[in-house]
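K.L.:
Can you keep this structure in mind? I'll have questions shortly.
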Amino acid sequence: MRWIWIDKFKEFETGKRAVAIKNVTLAEEHLHDHFPGFPVMPECLMIEAMAQTAGILVGEAKKFQEKVILAKIKKAVFFDFVKPGDTIELEANIESIAPEAASISGKITRDGKIIAEIDLMFSHIDQNLAGIEFPEENFVFGSETSVFKTLLQDILLKSSKKTEAN
Amino acid sequence: MAMSRDDIFTKVQEVLVDALAVDDDEVSYESTLMGDLGAESIDFLDIVFRLEKAFGIKIPREELFPAESLMNDAELVHNGKLTDKGIKLLREKMPHTDLTDFEKNPDINKMSDLFTVNAIVNYIENKIS
């Protein structure tokens, strides 16, 4: 079971960009403490949402064969609070992708207004072993974590239909 | 018109300031990437990606940071030190660098000190000329 922190993909262009949404709700218990009487989405969890959006984009680019790990937060700047009831839109663009790693730039918006700019780097860890051994099975995108693929099913089906129609 | 060494340095400096969150006056020709500027493994890739964009060139990672790719091979690195096979390969890949001191204690953390800002500037200068 994986902890999924985005609700749906709205757009998905293989190897290029992805747009996902996350609905923020007061049913999320951490908001009761962050902060009492003033619930706002923790900024680290906005980074997590972007990491999932971008991580799936990077994983799909290599057909989920690589173990894609968040390796570096290059930039994280926040411009506004996100509150319960908000729907945030997460857009990730692949800037560079190599056999060993990928670099993405991301932005979070709410109703078109900028909330955050988050740039990340992901490592394909099998290509960056540094003498460390990782399990054979793909613990990022393997069968145990197929919920990631479920998240993608609809949007990929939609885009393949679009390609056929053209 | 070809870029001067100082022009190249200025751009490389910008890249390193952004990639490693250092001040521009910390970046000199002599600075070592890991020792002085605190770069970690993933930063090398970040730097390569940023240099490619800044100079509009394609950089095979092996070329710019050969030692870095050695570090990622279990056969060549054992317990944080380069194996004999690793040292041999490093000699082949860095024919113009004096490795005498390094070979006495082939700690991979020291290996990265072989990489300086000057080495990047040399590489770029050669690449775009």
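Chains A and B, in that order, are what the protein sequence lines are.
The first sequence: position 43 = 150 (the numbering used here), numbered continuously.
The second sequence: position 69 = 50 (the numbering used here), numbered continuously.
Note that the Cβ used here is the ideal one computed from N, Cα and C, for glycine as well.
These numbers were taken from a predicted model, which means no experiment stands behind them.
Can the beta-carbon of V165/A be found less than 8 Å from the beta-carbon of F229/A?
P.N.:
The answer is yes: Cβ separation under 8 Å.
K.L.:
Could you tell me which residues DSSP pairs with F229/A in its beta bridges?
P.N.:
According to DSSP, which records beta bridges pairwise, F229/A is partnered with L177/A and A209/A.
K.L.:
Since H139/A sits in a beta bridge, which residues does DSSP pair it with?
P.N.:
DSSP, once it has assigned bridges, lists no residue as partnering H139/A.
K.L.:
Using three-state DSSP, classify R(-14)/B as helix, strand or coil.
P.N.:
R(-14)/B falls in the helix class under three-state DSSP.
K.L.:
Among T216/A, D226/A and W110/A, which has the Cα closest to the Cα of D187/A?
P.N.:
Ranking the options by Cα distance to D187/A, first place goes to T216/A.
K.L.:
Hey, how far is the Cα of K74/B from the Cα of G67/B?
P.N.:
Using only the alpha carbons, I get a separation of about 11 Å.
K.L.:
With 9 Å as the C-beta to C-beta threshold (strictly closer), list the residues of the stretch 131 to 154 of chain A near chain B in chain order.
P.N.:
Listed by position, the residues of the stretch 131 to 154 of chain A near chain B (Cβ gap below 9 Å) amount to none.
K.L.:
Give me, in chain order, the residues of the same chain whose beta-carbon lies closer than 8 Å to that of W112/A; leave out the 5 immediate sequence neighbours on both sides.
P.N.:
Cβ within range, chain order: K129, L152, E155, A156 and Q159.
K.L.:
From the DSSP output, in three-state form, read off K34/B for me.
P.N.:
Helix.
K.L.:
Mind listing which residues of the stretch 174 to 206 of chain A have their C-beta closer than 8 Å to chain B's C-betas, in chain order?
P.N.:
If the cut-off is 8 Å between Cβ atoms, the stretch 174 to 206 of chain A has A178, K179, K181, E202, S203 and A205 near chain B.
K.L.:
One question on the structure: do L227/A and K181/A come within less than 8 Å of each other, judged by their Cβ atoms?
P.N.:
Yes, the Cβ-Cβ distance between L227/A and K181/A is below 8 Å.
K.L.:
So the candidates are I195/A, K123/A, F116/A and K117/A; which of them puts its Cα closest to the Cα of E202/A?
P.N.:
That would be K123/A, whose Cα lies nearest to the Cα of E202/A.
K.L.:
What number of angstroms, rounded off, separates the C-alpha of I23/B from the C-alpha of Q234/A?
P.N.:
Using only the alpha carbons, I get a separation of about 12 Å.
K.L.:
I believe D94/B touches M15/B by the beta-carbon criterion, under 8 Å. Please report the beta-carbon distance rounded to the nearest angstrom.
P.N.:
Indeed, because the Cβ distance is near 7 Å, the residues count as touching under 8 Å.
K.L.:
So which residues on chain A does E33/B lean against when the C-beta distance must stay under 8 Å?
P.N.:
Under the 8 Å cutoff, chain A gives S203.
K.L.:
Looking only at C-alpha atoms, which of K190/A, L259/A and W110/A sits nearest to V131/A?
P.N.:
For V131/A, the nearest C-alpha among the options comes from K190/A.
K.L.:
Could you tell me if E207/A is buried or exposed, where buried requires 16 or more neighbouring beta carbons within 10 angstroms of its beta carbon?
P.N.:
Buried, since its Cβ has 16 or more Cβ neighbours within 10 Å.
K.L.:
Report buried or exposed for H231/A, applying the criterion of at least 16 other Cβ atoms within 10 angstroms of its Cβ.
P.N.:
Looking at its Cβ environment, which holds 16 or more other Cβ atoms inside 10 Å, H231/A is buried.
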